[in-house]
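Protein chains in written order, with the working numbering: chain A, 1 to 288; chain B, 289 to 987.
Following: one structure in C-alpha cells, then a few remarks.
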Amino acid sequence: MVGSERLPDAQSNQPASGSVTAGSLDEALKLRKENPGLIPYAGGTDLMIEGRADAAYLFLGKVPEMKRIAQDDEFIRFGAACTFSQLICSAHTPGILRDACLQIAAPAIRNMGSIGGNIGNGSPKADSALIFMATNSMLRLVSADSERILPIRKFYLGRKKLDLAPDELIVEVLMPIHGIDNYYYKKVGGRRALAISRVAFAGIMDVRDGIICNCAAAFGSIGDVIVCLDEIDRMLVGKSVEEASALKEAYIDAYNMAIVPVAGRVSADYRKQVCMNLLRDFLESNHI
Amino acid sequence: MKPISKSVPKIDHCAKTRGLAEYVCDYDATGMLYGRILRSKHAKADVLSINLPAMPEGYDFIDHRRIPGLNRVHIVQDDTPVFAERTVEYIGDPIGIIVGPEEREVDRLLACIEVEYDILTPEFDARKSPVAFFEYGYEKGDIAIAFAHADRIYEESFETGRQEQMYLETNGMIAEYAQGKMLVHGTMQCPYYVHTAVAEATGLLPEDVIIAQDVTGGGFGGKEDYPSVLACQAAVAAYVTGKPVRVVLSRREDVEFTSKRHPAFCDIKAAVKDGRVTAMQIEAVYDAGAYTTMTPVVLQRGVIAGGGVYSIENLKVKGEARKTNTVPSGAFRGFGGPQMFFAVEMMMSHIAKDLGEDPLDFKLAHTAKLGDATSTSGMHHFNVPLPAMMDEVAQACDYRRKKEAYADQQGRLRKGIAMSAVYHGAGFTGIGERDIIKAVVRLRKDKDGYAEILVANTDIGQGLSTAFTKIVAQELGLPFDRVIIKLPDTGRVPNSGPTVASRSVMVVGELLRRAAARLKDEWLDGEEQVIEERYVHPDFMITFDIDKFQGDAYPTFSWAATAVEVEVDTFTGDIRILGAWGSYDIGTPIDENIAVGQMEGGLVQSLGYGMMESIAAVNGRIRNNSFSDYLIPTAVDFPAVDVSLHVEEYPEGPYGAKGAGELPLVGGAPATIEAIENAIGVKLSKTPFLPEDVVKALY
C-alpha cells in the first residue's frame, strides 16, 4: 500500500505541485482537514478534461475503506471510490444501478470513474446519482472529527452546491436493499455510448399485496439538480393499484406543473415532453 | 476480383500502430516559436484598434501590416485574407498571430490583447443574404411544356445541415525561413495548393518555397483548403521573426474556425405525367459562409447532381452560393453532392408515395441507362449498374418484406426502412483535369533497381500510398519492398494534382500504371531512369462547357445503392439504426480491404449526417466545438454495416478502377431520413433529423 507521497512534479501543463495520495481513510481525512484546497478524486475522468494547471489534488483511489462493497440487512454499502466497472461486476449491485452504470460513457471511463466523483461533481446529469436519488440512498459523510449519514436527496442544495463541509469526504453510499427491484430506467443521450444524458428518468414502484408501499420518480438533466418530488409521489403511496389508477392523471398533472426544464444541448420543450412520456409509461408499465 | 484487388497490409500500418509515425505536433519544438491566432469575437465588425499588452522579449504580434507578400490566401479565388485588414466577417476571422518561445505565455498574452470593434450588422441566413458569390444553372428539354402537360405538379423545400469533418488530427503547420527559402510542413491533402498560396503571401519566388506533407491523421476534405490559410499565417510569422513557427490548433479551435460542409436549401418543383416524372425545376441555395474558399467548385458539383441518378427529360437547375457571416464552408467528402442528392431522393420518394407506388420501384423506373443523356446533356458512356445494385441491396436487407411489415405501426417503438440511389462523378468537374490540373507523375528507378513513386498526392489515412505501391509493383512485376513512396514534398515531386475529388487512384493511379508499364519496357539494369507521364483527357468525352453547364461533367460515375433500417422510440425520439446496407460500384478495387473499409467508414459518416451530426451555429457562434458536444457515431451506434462491391470496370482507370473516397457519404442521409419518415408516418424534408425533431414532429 502506498503511503502519503508526492505525485510527480510539474512540467508546464501538469497540475501544480502539492497533489497527494492517501493510503488510508484516516490519512485521507487528515489531509482533507489540513488542506481544504485539495480537490478530492478517485478516477479523475471529469477533472482530466478540465486540465487545470493551478489545482492540487487528493487522490483517494487507493483508500481501502472507500473501495469496498459490502452488504448488511438494510443497505448495500458502496465505497465512494468504487468504479462503475466494479459496481457492474459486483453481485451486490441491484439491477437499476447496474443498468445505469452500463450506460455511463464507455468501458475505459467506467474502469476509472468513481461513484463518489459522480455524486460529488454535483452534475444534474450524473447517471449513478440519479439512481441513488430515486432509491432514496444515504451518503456517509466523514471528516477527521465527525461523521453523519445524509439522505442524498438533501445533499444537493442548488447548482453545483453540495451539503458537504470543507473537511468532509463522501466515504460511502448506503443503498436500500429492499423495495427497489421493480424499477423503470431510461437514459436519453445523443448516442449509444460516450453520451451525456439529455434527459434521464428513474422510477421505483414497490407494490406489496396490491398496495403501493413506495413510489419514487427522479428526473435527471433537466435543471440545476436532479429532481425528486416526494410530495407528489406520496399521492400514490398507501393506495391500491386501482386507487392509484384513479389518481393517475392528477399525479401526472402535478408533475406537469412541477417539471420546468431548462434548455441546454436540447430544448426545454423536448426535455419536458420526454419527461412526461416516460413518467406516463412508468405508471402504465405498472398497470396504473 | 482481379489479382490487384487482393488485400495486403497497408504500408503505413506498422508505423501508425507502433506510434512511430511523426505527425506535425510530434516534432521537437526546441528553438521554435509557438503561434496562436488572434480571432474576431464578432460576426461582423470593423477593427478600430488592437491594444497589445507589454510584450516580453522574444514575443511578437504580427498582423496584416507586416505581411511580406500579398494579404490573400489563394484558394480558388483570392478573397480570403491572411489576416483581416479592417472588417472581420465571421466569429474566428483571423486578425493576427502572436508568437513566442513559451506556449503558456503566448496563451496569456493572447488573452490580454484588447481589440476595439465597431460592431456591424451580420447576416446569418443564406436565403436572405443579398450577396450571391456564385450562381450557376442549366436547362435541358422544355420544362414549360412539361409542366403545362403535367397530370400532377409537386413542390417541396428541403434543408441540409452543417457537418464537421472531425478528422482525428487537428490542423497544424510548422514554417521555417532560412537563407531565403521557406519550408512549410504539416497536415494537408494538397501540397501544391499550399505552395501557390504561401508563395503569394510571402512574396517569395515559387522555387524558394517548399511545402512538405507530414503524416496526416484524416482529412475528409477538411484539409483541402484550410491548410493553405494556416500555412500562410505560419509562413508570414516565420518570415517576420526569422525563427521556425509552429501553429497547431486545439480541437475547439479546429471545430469552430475551419471549414465545414455547406448547409443548403433546395426547392424542387416536379411534373408527373402518366405516373412518371417528366420535369424538375430545382433551385438551391448553398450557405458559403464569409469567404468563397472552395465554394464555386462545391456548388458546381451540387448543381450538376440536379435530377440525381434519374433520366429526367426536362430539367432546369439553378444554384446560388450566398455569403453569410459564419465560418467559411469548404470541402467535405461528397463535395456539394450530398445536399442535392438528399433533396432529389426525398422528392422522388414523396412523389412515389403520393402516387401509391413503392419508392424503390418508382426510382428503378426512372434510373438513367447506358447512352442516356446526363443532367448537363452529356452522355452515360458506360453501363449504369444501379438496377442490379438496388436489387442486391433489396435482397440483402429484405426490403420488400420489411416495407410491408412496417406499414401502419402503432406503439412506442416503430421501424422503418428505405433505400437511396446516388452517384459520385469521378475526378475533377468538366475539363478541370485537362485545363487546370494537368497532372504530371514521375517514376524514378535507381541503379539498384528500386522504383520511387514521385507524386504530390497524399495518404491521409485512406490508403493511397498502399494503392499506388500496389499498382506500380504489379505493373513492374516487383515485390513491394522494391517500390518506394515517401511523404510528398514540392521540392521533389511533380504536381500530380490535389488529393480530392475521388481522383487519386483513377487519374493519378492510371498515370503511374502507364509510367510503370513504360519503365518496364525501357528497363535498363544498373542505370538510373526517370519516366514521366502527363494527363491525357479521355477522347470519348463530350467537352464540358463550364459557362453553359453543357457536356460531360465527368468521364464516368461511381454508383451506390444504400438501405437503412431504423427503429424510432416515439417517447424519447431516439433513433436506433438497426442495419445499413450499401452496394458500391467504384470499379475495380485496388485493395479490397481498404475499399470496403472506406465504404464502411463513409457509410457511417453519412448516417451521422442523417441522424446525429449537427453543428449548431447560433448567431454565427459554434458552441458544440468538442468531441463531447459534436456527436459522431460510435461503434455502438451502428453495430453492423453490410457493404458489398459491385464492379463495373472503367477502361480508362488503372485495372478498371474509378473514384471511391467520396461515394459512400452521399446516399446514407436520404435513406436514413426516409426510413425515419416511414417509421413515424410523418413527411420529412431535412437532414440531420435528431431525436428532438422526432418528438417535435410527433407531439
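Think of the CB as a built atom: it goes at the ideal place given N, C-alpha and C, for glycine as much as any other residue.
Small disclaimer: the values here were computed from a predicted structure and weren't measured.
Per DSSP, ILE863 (chain B) is not a residue of any alpha helix (DSSP H); the beta strand (DSSP E) it occupies stretches across 863-873. Contact residues of the stretch 183-196 of chain A toward chain B are LYS186, VAL188, GLY190, ARG191, ARG192, ALA193, LEU194, ALA195 and ILE196 (C-beta to C-beta distance below 8 Å).
Annotated three-state conformation of PHE155 (chain A) is coil, per DSSP. DSSP places THR566 (chain B) inside the beta strand (DSSP E), whose first and last residues are 564-577. In this structure, the beta-carbon distance from ALA525 (chain B) to ILE363 (chain B) does not fall below 8 Å. Excluding sequence positions up to five before and after LYS125 (chain A), its CB lies within less than 8 Å of the CB of ILE196, SER197, ALA200, GLY220 and SER221, all in the same chain and listed in chain order.
Put simply, of B:GLU798, B:SER328 and B:GLU393 the residue whose alpha carbon is nearest the alpha carbon of ARG909 (chain B) is B:SER328. Every alpha helix (DSSP H) stretch that sits fully inside the stretch 5-86 of chain A and reaches 4 residues is listed by chain position as 25-34 and 47-50. When the Cα atoms are used, LEU194 (chain A) and ASP660 (chain B) turn out to be separated by approximately 48 Å.
Collapsing the DSSP output to three states places HIS934 (chain B) in coil. Against SER267 (chain A), the close residues of chain B are GLU980 and LYS984, in the order they occur along the chain (beta-carbon pairs closer than 9 Å).
By the Cβ-count criterion, THR409 (chain B) is exposed, with fewer than 16 other Cβ atoms from all chains shown falling within 10 Å of its own Cβ.
Per DSSP, CYS101 (chain A) is not a residue of any beta strand (DSSP E); the alpha helix (DSSP H) it occupies stretches across 95-102.
THR93 (chain A) and ASN111 (chain A) have their alpha carbons spaced roughly 16 Å apart.
The count of Cβ pairs closer than 8 Å, one atom from the stretch 493-510 of chain B and one from the stretch 557-574 of chain B, stays below three, leaving the stretches out of contact.
Under the Cβ criterion (8 Å, minimum of three pairs), the stretch 393-404 of chain B does not count as touching the stretch 351-371 of chain B. Contact with chain A is absent for VAL394 (chain B), since none of that chain's Cβ atoms lies less than 8 Å from the residue's Cβ. Under DSSP, GLN817 (chain B) takes part in a beta bridge, and its partners are B:LYS733.
Residues of chain A with a Cβ closer than 7 Å to the Cβ of TYR987 (chain B) are, in chain order, GLN273.
MET461 (chain B) has B:GLY474 and B:VAL535 as its beta-bridge partners, per DSSP. For LYS691 (chain B), the enclosing alpha helix (DSSP H) stretches over residues 687-693.
Here GLY898 (chain B) is near ILE961 (chain B), since their CB atoms are less than 8 Å apart. At least one CB atom of chain B sits nearer than 8 Å to the CB of TYR270 (chain A). When C-beta atoms of the stretch 230-245 of chain A are compared with those of the stretch 308-320 of chain B, fewer than three pairs fall below 8 Å, so the two segments do not count as touching.
Among the CB atoms of chain A, none fall inside 8 Å of the CB of MET887 (chain B). Excluding its 5 nearest sequence neighbours in each direction, SER285 (chain A) has C-beta neighbours in its own chain below 8 Å: TYR184, listed in chain order. In the displayed model, GLU541 (chain B) falls within a helix according to three-state DSSP. THR778 (chain B) and ALA744 (chain B) do touch by the CB rule: their CB atoms are close to 7 Å apart, below 8 Å.
In the three-state reduction of the DSSP assignment, SER846 (chain B) falls in the strand class, which pools E and B.
Chain-ordered listing is empty here: chain A has no CB closer than 7 Å to the CB of ASP575 (chain B), the nearest sitting near 23 Å.
In the DSSP assignment, MET175 (chain A) forms a beta bridge with A:ILE76. Taking the CA atoms as reference points, GLY210 (chain A) sits about 10 Å from GLY238 (chain A). Against ASP281 (chain A), the close residues of chain B are PHE859, in the order they occur along the chain (beta-carbon pairs closer than 7 Å). Excluding five sequence positions before and after ARG280 (chain A), the CB atoms of its chain that fall closer than 7 Å to its own CB belong to ILE252, given in chain order.
The distance from the Cβ of PRO976 (chain B) to that of GLU853 (chain B) is about 18 Å, inconsistent with a contact at the 8 Å cut-off.
Of all alpha-carbon atoms in A:GLY223, A:GLY95, A:ARG192 and A:ARG191, the one lying nearest the alpha-carbon of LEU157 (chain A) is that of A:GLY223.
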